[in-house]
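Engineer: In the UniProt record's numbering, the protein residues as written are 1 to 266.
Every residue gets a Cβ at the ideal spot worked out from N, C-alpha and C, and that includes glycine.
Small disclaimer: the values here were computed from a predicted structure and weren't measured.
Dropping a structure here in structure tokens format, bear with me for questions.
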């Protein structure tokens, strides 16, 4: 910390004072108006010392300087990384890069990220994928509002195939700048459809640890699809699988298939 202050141009006298202050603190107790007993109370700052946040900010100042592609808010040892983007794909790339850089910088300082205190951190592949799906569903709900409610010329699809084509083309272009690669119907189950994406962007820039090799971050996209379909009146369960790249398996409720057949008979 003292070296960081010195390199930032802080006067040597102040640096020396801080070093002596942090190196050894003493507690003096005076009694009987004449005698004083001195005891060492510890090394470094006491917990809750108002100087702690300031000094920690000094030590970690390079983190905020070196990560330039996203915004960072910091108070003491709490960091928030965030950004605002027109395309979800741009946000995924920048935030993932920033998180990777953040972890490297923190480790270089000899610090650890607290799993217990970090929000949106998961301790298993299943827990992480469920959380990603929930976040995706929230995004999908908001996208639906933006597209159907705020756009004057937009219309809600009532036919199942038209709705799936909307997801494959219009929705995917809005999110990632291109259409999904394929839309297929299962041969053995009329309720099941597959949306296939050869190279999912949400997996492209993710470094998955060896012990979590089954992790598929495309469940985030699956959550978006599920919310868009369900909120549009096509209730379904959507899951992501490693097949032909990334395959989103869409399994509709029976009521959706029955309604679609009724519309075909009209």
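1. Taking Cβ positions, are residue 227 and residue 202 nearer each other than 7 Å?
2. Pick helix, strand or coil for residue 170, following the three-state DSSP scheme.
3. According to DSSP, residue 249 sits in a beta bridge with which residue or residues?
4. By the three-class DSSP mapping on this structure, what secondary structure does residue 6 have?
5. For residue 95 and residue 83, which I take to be in contact (beta-carbon distance under 8 Å), what is that distance rounded to the nearest angstrom?
6. Let me check understanding here. Comparing Cα to Cα, which of 131, 14 and 18 lies closest to residue 216?
7. With residue 184 as the anchor, note down where its beta strand (DSSP E) starts and where it stops.
8. Smallest Cα separation from residue 145: which of 79, 207, 102 and 224?
9. Out of 168, 184, 113 and 248, which one is the CA nearest neighbour of residue 177?
10. Going by C-alpha to C-alpha distance, which of 9, 246, 264 and 254 sits closest to residue 237?
Structural biologist: For this structure:
1. Taking 7 Å as the Cβ cut-off, residue 227 and residue 202 do not qualify as a contacting pair.
2. Correct three-state label for residue 170: helix.
3. Beta-bridge pairing links residue 249 to 194 and 239.
4. In the three-state scheme derived from DSSP, where H, G and I count as helix and E and B as strand, residue 6 is classed as helix.
5. Here residue 95 really is in contact with residue 83; their C-beta atoms are around 6 Å apart, less than 8 Å.
6. For residue 216, the closest of 131, 14 and 18 by C-alpha to C-alpha distance is 131.
7. Annotation for residue 184: the continuous beta strand (DSSP E) segment containing it runs 182-185.
8. The option with the nearest alpha carbon to residue 145 is 224.
9. Per the Cα distances, 168.
10. The shortest CA-to-CA distance from residue 237 to any of 9, 246, 264 and 254 is the one to 254.
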